[in-house]
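Residue numbers for the sequence shown follow this note's numbering, so the first one is 29 and each next one is one higher.
Backbone N, C-alpha and C fix where the C-beta goes; we use that ideal spot for every residue, glycine too.
The model shown is predicted, which means the values in this text are computed figures rather than measured ones.
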Amino acid sequence: MDKYRMRKLLLFTTLLMVIAGYTPAYSESHRQGSDQLPFGETVTGEITNTEFRQLYTFTGNEGQVIAIRMTRVDGDLDPVVLLMNTSGIVLSYSDDDDEGRNALISSQRLPANGTYVVIATRFGHEHGSTTGTYELRMDSLGATASDGSSLRLGTSIVGEITDERHEVIYTFQAKRGQVINIYMKRTSGNLDPLIDLFDAAGGYLITGDDDPNSYGSLNAAILNYMIPNDGSYIIRATRWGYDGGTSSGSFLIELTEIPPETLGTRPANARFMAYGDTVSSQIDNEISIRFFQFEATRGDVISAVASRESDNISPQLSLLYLDLRPISVGTTGSGQEESRISATIPENGRYLLAVSRFHGAEGTSVGDFSLTLIGRQGIGGGDALEIVYEAQVTGIIDNTRPSESYIFLGEEGDLVTITMQRVDGNLDCLLTLQDETGKQLIFNDDIEQGVVQDSKIARYRLPADGLYRIEASRFDRIAGTTSGAYSLTLVKEN
Numbered sequence: 029m030d031k032y033r034m035r036k037l038l039l040f041t042t043l044l045m046v047i048a049g050y051t052p053a054y055s056e057s058h059r060q061g062s063d064q065l066p067f068g069e070t071v072t073g074e075i076t077n078t079e080f081r082q083l084y085t086f087t088g089n090e091g092q093v094i095a096i097r098m099t100r101v102d103g104d105l106d107p108v109v110l111l112m113n114t115s116g117i118v119l120s121y122s123d124d125d126d127e128g129r130n131a132l133i134s135s136q137r138l139p140a141n142g143t144y145v146v147i148a149t150r151f152g153h154e155h156g157s158t159t160g161t162y163e164l165r166m167d168s169l170g171a172t173a174s175d176g177s178s179l180r181l182g183t184s185i186v187g188e189i190t191d192e193r194h195e196v197i198y199t200f201q202a203k204r205g206q207v208i209n210i211y212m213k214r215t216s217g218n219l220d221p222l223i224d225l226f227d228a229a230g231g232y233l234i235t236g237d238d239d240p241n242s243y244g245s246l247n248a249a250i251l252n253y254m255i256p257n258d259g260s261y262i263i264r265a266t267r268w269g270y271d272g273g274t275s276s277g278s279f280l281i282e283l284t285e286i287p288p289e290t291l292g293t294r295p296a297n298a299r300f301m302a303y304g305d306t307v308s309s310q311i312d313n314e315i316s317i318r319f320f321q322f323e324a325t326r327g328d329v330i331s332a333v334a335s336r337e338s339d340n341i342s343p344q345l346s347l348l349y350l351d352l353r354p355i356s357v358g359t360t361g362s363g364q365e366e367s368r369i370s371a372t373i374p375e376n377g378r379y380l381l382a383v384s385r386f387h388g389a390e391g392t393s394v395g396d397f398s399l400t401l402i403g404r405q406g407i408g409g410g411d412a413l414e415i416v417y418e419a420q421v422t423g424i425i426d427n428t429r430p431s432e433s434y435i436f437l438g439e440e441g442d443l444v445t446i447t448m449q450r451v452d453g454n455l456d457c458l459l460t461l462q463d464e465t466g467k468q469l470i471f472n473d474d475i476e477q478g479v480v481q482d483s484k485i486a487r488y489r490l491p492a493d494g495l496y497r498i499e500a501s502r503f504d505r506i507a508g509t510t511s512g513a514y515s516l517t518l519v520k521e522n
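Shown next, in the form of structure tokens:
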């Protein structure tokens, strides 16, 4: 057997030993003591006969392309580096792929978001004989704008991928909330196009492979991507396999913006907003509802108003979860010129604002409207959420969470009404109002005993300025057996 085949056999044996040793129990116990491997930084280590492998972990994103280099510093170390997921599956490995006997994983595309493991070891692994110190570096193969051509929204440009040049870089300017499409279409050769999008610092954002609108085509596309921040962005036009790919040919790359007036026709293309923004749109007989989206944090207190700008539109505003479950619904009526909501955000995440009209799809009012969104962090601490007057919140009571708390600032003499209504399930609502010392002031079980199991504290006059706590619970609290979703409102009466 020649030396090359023998070395390949030994390397295969090394891989088997590493995989066999990387059982779930092994991975869990060793990952707890493993080091973090940061992108773009060099770490050092040492392989000895007693410590023949060292583990590093990092968090990566689906589609991200990385490179890992393990270089001997001193000794006779013969480096081997492996990339694995936390299930012990080897995604890539390298023995002598760099200069000398150094190891290099030149470009590996990560299959999913999550944690990955890098193993720095030696040829022969446990049964190897080489030792020494090493340097280990991992890079995210982003793009730099230094060699890029400028590309403007609404334009296209021709390029070529060859074995000598496997990628072409383009830069463009965009504003937060713009929604763009990027197409890379082969015009000659056997090119299998691939597009990567990066921010101005070269940070990976998203990859576009085969165009979903061209079934059977190898053209690539990034569709309906919403720009997260004002600034410069980088497009890398390349091929499947990057520098290890084999296809080549010319291509046409197109960068287009989806017009703002066409956005918001459905939840999937909801127009982006942030706190402090005011946007304009329109309702007509073809489009009777518009959707807008925003990011929020648990405990944020938000207010929004949809106002008539032209014609006779009578807007109705709603705050929704992404699955379209309502959180808060503003009032509406014939001739009404605006609709308002105030609400407390129940969980971190993305939410929808929907603007419709009186009677919805069956309505007749049309026209332009403006939508303003204001938000701030609530004053609540721990599990308590802030609620303001005229606001609505939603929650769930069950055996894992038999009660939820809300706090609000009130003044002496304020006349308040608090209502807790069951939305689904068999929840038997219970409301309690406490002062800031935790003293119970008033409670209500059933609005109508044995008939209506919703709860209401009606027209209660606050005894002093200060912080008040509302406890939303169920009959018998922890010992109770009912559960379900509820809606809670706090109103300051005249």
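So, with DSSP's three-state summary, where would you put residue i?
i, result
"residue 270", "helix"
"residue 116", "coil"
"residue 530", "Past the edges of the chain, shown from 29 to 522, lies residue 530, and the structure says nothing about it."
"residue 288", "helix"
"residue 189", "strand"
"residue 140", "coil"
"residue 154", "helix"
"residue 148", "strand"
"residue 332", "strand"
"residue 20", "Within the shown structure, residues of the chain are numbered from 29 to 522, placing residue 20 beyond reach of any answer."
"residue 485", "strand"
"residue 341", "coil"
"residue 412", "coil"
"residue 492", "coil"
"residue 255", "coil"
"residue 353", "coil"
"residue 234", "strand"
"residue 475", "coil"
"residue 311", "strand"
"residue 180", "coil"
"residue 498", "strand"
From residue i to residue j, what does the alpha carbon distance come to, in whole angstroms?
i, j, result
"residue 458", "residue 518", "15 Å"
"residue 225", "residue 392", "43 Å"
"residue 120", "residue 414", "50 Å"
"residue 321", "residue 140", "25 Å"
"residue 341", "residue 203", "29 Å"
"residue 365", "residue 334", "8 Å"
"residue 325", "residue 130", "47 Å"
"residue 418", "residue 438", "13 Å"
"residue 515", "residue 496", "19 Å"
"residue 525", "residue 271", "Examination of residue 525 is not possible in this model, given that the chain is present from 29 through 522 alone."
"residue 472", "residue 433", "15 Å"
"residue 343", "residue 194", "53 Å"
"residue 394", "residue 189", "51 Å"
"residue 218", "residue 105", "42 Å"
"residue 236", "residue 122", "27 Å"
"residue 480", "residue 355", "22 Å"
"residue 468", "residue 402", "33 Å"
"residue 327", "residue 412", "8 Å"
"residue 534", "residue 284", "With the chain represented from 29 up to 522, any question about residue 534 goes unanswered, as that position is not in the structure."
"residue 482", "residue 181", "54 Å"
Would the beta-carbon of residue i fall within 7 Å of that of residue j?
i, j, result
"residue 263", "residue 207", "no"
"residue 220", "residue 246", "yes"
"residue 358", "residue 367", "yes"
"residue 73", "residue 82", "yes"
"residue 498", "residue 446", "yes"
"residue 134", "residue 95", "yes"
"residue 521", "residue 487", "yes"
"residue 396", "residue 449", "no"
"residue 198", "residue 179", "yes"
"residue 101", "residue 144", "no"
"residue 216", "residue 277", "yes"
"residue 380", "residue 295", "yes"
"residue 470", "residue 485", "yes"
How about residue i: is its Cβ closer than 6 Å to a heavy atom in the ligand SAM?
i, result
"residue 394", "Ligands in the displayed structure: none, and consequently the ligand SAM is not present."
In the DSSP output, which residue or residues are listed as bridge partners for residue i?
i, result
"residue 299", "320"
"residue 214", "279"
"residue 131", "98"
"residue 167", "95"
Counting along the chain, where does the beta strand (DSSP E) carrying residue i start and finish?
i, result
"residue 516", "512-520"
"residue 246", "Note, residue 246: premise wrong, no beta strand (DSSP E); not H, not E."
"residue 206", "Premise fails: residue 206 is in no beta strand (DSSP E) and is neither H nor E."
"residue 228", "Element bounds for residue 228: n/a, residue is neither H nor E."
"residue 399", "395-404"
"residue 427", "That residue, residue 427, is in no beta strand (DSSP E); it is neither H nor E in DSSP."
"residue 86", "82-88"
"residue 459", "457-462"
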